[in-house]
Amino acid sequence: MTDHARYTSELADELGPDVRERFIRYVKIDTQADEDSETFPSTAKQLDLSRILVDELLAMGVADARLEDGYVLASLEGTSGSTPVALFAHVDTSPDAPGGGVKPRVIEKYDGSDITYDANPELILSPKESPDLRAQKGRDVITSDGTTLLGADDKAGVAAIMTAVKYLQEHPEAPRPPLNICFTPDEEVGQGISHLDLDAFGAEVGYTLDGSTAGSIEDETFSADHMVVSFQGRQTHPGAAKDKMVNALRLAGRFIDALPYDEAPETTSGREGFVHPASIEGTSSGITIKLILRDFDTDLLTERGRRVRALAEEIVAPFAAGSVEVTISQQYRNMKDHLRVRPEIADIAHRAIEAAGLTPIRGIIRGGTDGSMLTAKGLPTPNLFTGMHDIHSLKEWVSVQDMADSAATILHLVRLWSEEAR
Ligand SMILES: [Zn+2]
3 MTDHARYTSE LADELGPDVR ERFIRYVKID TQADEDSETF PSTAKQLDLS
53 RILVDELLAM GVADARLEDG YVLASLEGTS GSTPVALFAH VDTSPDAPGG
103 GVKPRVIEKY DGSDITYDAN PELILSPKES PDLRAQKGRD VITSDGTTLL
153 GADDKAGVAA IMTAVKYLQE HPEAPRPPLN ICFTPDEEVG QGISHLDLDA
203 FGAEVGYTLD GSTAGSIEDE TFSADHMVVS FQGRQTHPGA AKDKMVNALR
253 LAGRFIDALP YDEAPETTSG REGFVHPASI EGTSSGITIK LILRDFDTDL
303 LTERGRRVRA LAEEIVAPFA AGSVEVTISQ QYRNMKDHLR VRPEIADIAH
353 RAIEAAGLTP IRGIIRGGTD GSMLTAKGLP TPNLFTGMHD IHSLKEWVSV
403 QDMADSAATI LHLVRLWSEE AR
């Protein structure tokens, strides 16, 4: 028996037990990605979960469920509506905190106080630092035992999609457009969709279930460039260097010092962009600095790149024997650049969230998502909430009711797309 009062809607109440059971089971499977791996997926263990998902989809009657090039792919036939819609979540977890041997703990009817951990007495999860916890009073909050991450990022998304698919399979009368399901590996190491054949995939619109607070929809991300600045000096014997030697280390030092400090990740927030020197390597004869550049406005990003390049050239200009080479390459683009031309994609998500009984929160992501890559490749894909919080840390948590709301939102989304004529 569930307690109706704790759920946002009757539908969420109905979905709650299934999403909870799935989530608890999925997080116990170690799917941690590895940044240093050369393989795809970066760790074979991610496929342990992927294989289970294929089996479960087949058991639900989703006949074409399969594992292909590391991706779980499946489709549901549409009853109405002609726009094929894709739902994405990622099976891998972050390498930022231990990810194996996760022991999920459900705090039933959370009382709103600080959460402590027997296995890690120093750790405290407090509503003071994690204010969204306050809204969970009376609900069922899931944490790890405090020695690992939980893996709500993104098993909350996986569980929500699986729960919604199960519901659709059990309710063939529920209208839906053609649906494509995709569970990706390696989102956390930036390779989530690098091997996905989008043409064969066949969707026209997508949503990643990889967001945080209940009700949130994110359709704006950074636009991102990568920059490599290589200073070349001139080596001479230090004993006879006067007026001859150009020390690349000194050029690099001046350059980094000249980067505007009020345009750094550590001094910016909201819609402000930044330039971030990420690594430096070399000797007095040659130095390579790698930087990342970020802006929500792609034109501003281009302008920022121009300014940083000019700065590097200025630094080296007084030294005839020194030189600098600057290359800028595109990493990803603000999905808004593409979503602007199809406003209904975010609008329908907005309406689905309202239909689920929640207040939509339009947000921006100071980063990229699989959705930014998908959008850039031609499949417009904003990001929807799953309820995950304090991700990539030992304090990661999610509530059963938020995940149920996420699954309910998917079902409303599907219904609304089925009413959409092309
Ligand atoms: Zn994620």
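In this text, residue positions in the sequence shown follow the numbering used here: the first is 3, and each later residue adds one.
In this text, a Cβ means the ideal position worked out from N, Cα and C, and glycines have one as well.
Run the proximity test for residue i: is its beta-carbon closer than 7 Å to any non-hydrogen atom belonging to ligand 1?
i: Glu37; result: no
i: His92; result: yes
i: Glu398; result: no
i: Glu220; result: no
i: Glu16; result: no
i: Glu189; result: yes
i: Asp212; result: yes
i: Asp297; result: no
i: Asp57; result: no
i: Asp156; result: yes
Can you have a look at residue i and say buried or exposed, based on whether 16 or more other CB atoms are within 10 angstroms of its CB?
i: Asp113; result: exposed
i: Ala354; result: buried
i: Gly324; result: buried
i: Met3; result: Per-residue confidence for Met3 stands at a pLDDT of 43, beneath the threshold of 50, marking its modelled position as unreliable; the derived number appears in the next sentence. Counting Cβ neighbours within 10 Å, Met3 comes out exposed, since fewer than 16 surround it.
i: Lys244; result: exposed
i: Pro133; result: exposed
i: Arg22; result: buried
i: Ala480; result: In the structure displayed, the chain extends from 3 to 424; residue 480 sits before or after that span and is not available.
i: Gly213; result: buried
i: Pro320; result: exposed
i: Arg24; result: buried
i: Ala348; result: buried
i: Val402; result: buried
i: Asp301; result: exposed
i: Phe298; result: buried
i: Phe467; result: Given a span of 3 to 424 for the chain in the structure shown, any question on residue 467 remains unanswerable.
Tell me the DSSP secondary structure of residue i in three-state form.
i: Val191; result: helix
i: Asp71; result: coil
i: Ile109; result: strand
i: Val207; result: strand
i: Tyr28; result: helix
i: Tyr263; result: helix
i: Met164; result: helix
i: Gln234; result: strand
i: Phe276; result: strand
i: Arg8; result: helix
i: Glu283; result: strand
i: Asp404; result: helix
i: Ala121; result: coil
i: His391; result: strand
i: Val143; result: strand
i: Leu413; result: helix
i: Asp426; result: One cannot answer for residue 426 here, as it falls past the ends of the chain, which runs 3 to 424.
i: Ala250; result: helix
i: Ser218; result: strand
i: Arg364; result: strand
i: Gly255; result: helix
Please name the residue in the options whose C-alpha comes closest to that of residue i.
i: Thr223; options: Pro267, Gly365, Glu79 and Ala158; result: Gly365
i: Val318; options: Leu295, Trp399, Ser232 and Pro262; result: Ser232
i: His209; options: Glu346, Ala88 and Arg308; result: Note on identity: in this sequence residue 209 is Tyr, with His being the wrong assignment. Answer by Cα proximity: Ala88.
i: Glu206; options: Pro177, Val328 and Thr383; result: Thr383
i: His92; options: Asn122, Glu172, Leu55 and Pro86; result: Leu55
i: Thr85; options: Asp259, Leu181 and Glu110; result: Leu181
i: Ala226; options: Leu49, Gln403, Gly370 and Val400; result: Gly370
i: Ser331; options: Pro345, Ile363, Lys292 and Glu316; result: Lys292
i: Arg107; options: Gly272, Asp188, Lys397 and Leu418; result: Lys397
i: Thr95; options: Thr290, Gln34, Leu60 and Gly389; result: Gln34
i: Val2; options: Ala409, Met390, Ile393 and Glu37; result: Outside the modelled stretch of the chain, which goes from 3 to 424, sits residue 2, for which no answer is possible.
Q) For the 8 Å Cβ check, are there 3 or more pairs between the region 372-389 and the region 328-348? A) yes
(Q) Three Cβ pairs or more, each shorter than 8 Å: is that satisfied between the region 192-204 and the region 279-287? (A) no
Q: For the region 408-424 and the region 130-146, state whether three or more C-beta atom pairs, one from each stretch, are separated by less than 8 Å.
A: no
Q: Determine, using beta-carbon pairs with one atom in the region 76-84 and one in the region 92-110, whether at least three such pairs fall under 8 Å.
A: no
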